[in-house]
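Residue numbering for the sequence shown follows the working numbering, beginning at 1 and increasing consecutively.
Built from N, CA and C at the ideal position, the CB exists for glycine as well.
For clarity, every value in this text was computed on a predicted model and none was experimentally measured.
Working notes, beginning with the structure itself.
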Amino acid sequence: MDRDIRIRAVGRQQRDLLIEMYERFEPLGAALGLPPRGKEPRREWIEVALSQEMNLGAWSPAGAAVGHCFLVADQEASAELAVFVRQEFRRRGVATALVKTMLERGCTSGLRRIWALTGSENHASLRLLDRCGFRPISAGSCGAEEFELHLPGA
Ligand SMILES: CC(C)(COP(=O)(O)OP(=O)(O)OC[C@H]1O[C@@H](n2cnc3c(N)ncnc32)[C@H](O)[C@@H]1OP(=O)(O)O)[C@@H](O)C(=O)NCCC(=O)NCCS
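Rendered as structure tokens:
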């Protein structure tokens, strides 16, 4: 990843910067409907993301959000992963850095399983998950596939 991109926790103070990132995000809706295409549903989705305990951002030297990764807790010690990188910053290792940092933090916070749902045609996401150690567990409905990774200690 570019050395000038920084991975840092994201909180409500950075909400407007995240909104700005997703306003410019392309293509909207391509990752199983995410990020939502409509402005209001998108803002609500960002609020839900920020209400989760685990949020990370990738930041440009100018302070713009160029990537966002968060975990949505479901069952005990288990959470769903979501990751988004602004189109101009793709294929530079930003998502890999976000996911690997998130896995370390998830492990430290006691998570034992992280899973992700992605479209079976989403080659970038499939490659990313594979490179980060996720393995397929099922083909879901409507061309979606589920992947999981067990963290040490399970
Ligand atoms: C998926 C996504 C997060 C990847 O972000 P990124 O920063 O470009 O990913 P990285 O640069 O870390 O690349 C990770 C791996 O995927 C590969 N990759 C990235 N884009 C690719 C593409 N379009 N086609 C094939 N492989 C691709 C990279 O080469 C790399 O593999 P390598 O280490 O073997 O070279 C980004 O494309 C995105 O935001 N997509 C829309 C949202 C989405 O689909 N999110 C995932 C589901 S929640």
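Member of the options whose CA lies at the smallest distance from the CA of residue i
i	options	result
R90	V66, T101, N122 and R131	V66
A49	A31, R15 and C107	R15
E80	A64, P61 and R113	R113
Collapsed DSSP secondary structure at residue i in the structure displayed
i	result
L149	strand
P136	strand
C107	helix
A124	helix
I5	coil
L17	helix
R24	coil
R131	helix
Cα-Cα separation between residue i and residue j, rounded to whole angstroms
i	j	result
R37	I137	29 Å
A58	V94	7 Å
S125	A144	12 Å
A47	A9	According to the sequence as given, residue 47 is Glu; it is not Ala. C-alpha separation (whole angstroms): 15 Å.
E23	K39	8 Å
L151	G106	8 Å
L18	P35	12 Å
A139	W45	25 Å
L111	E88	32 Å
N122	F25	16 Å
8 Å contact criterion, which residue i and residue j should meet: CB distance rounded
i	j	result
V99	C132	5 Å
Q7	A82	First, the amino acid is wrong: residue 7 is Ile here, not Gln. Wrong, their Cβ atoms sit about 16 Å apart, outside the cutoff.
CB contact check: residue i to chain C, cutoff 8 Å
i	result
G67	Among the protein chains of the structure shown there is no chain C, as only one such chain exists.
Subject >> 4 or more residues per run - each alpha helix (DSSP H) lying fully within the segment 40–98 >> reply: none
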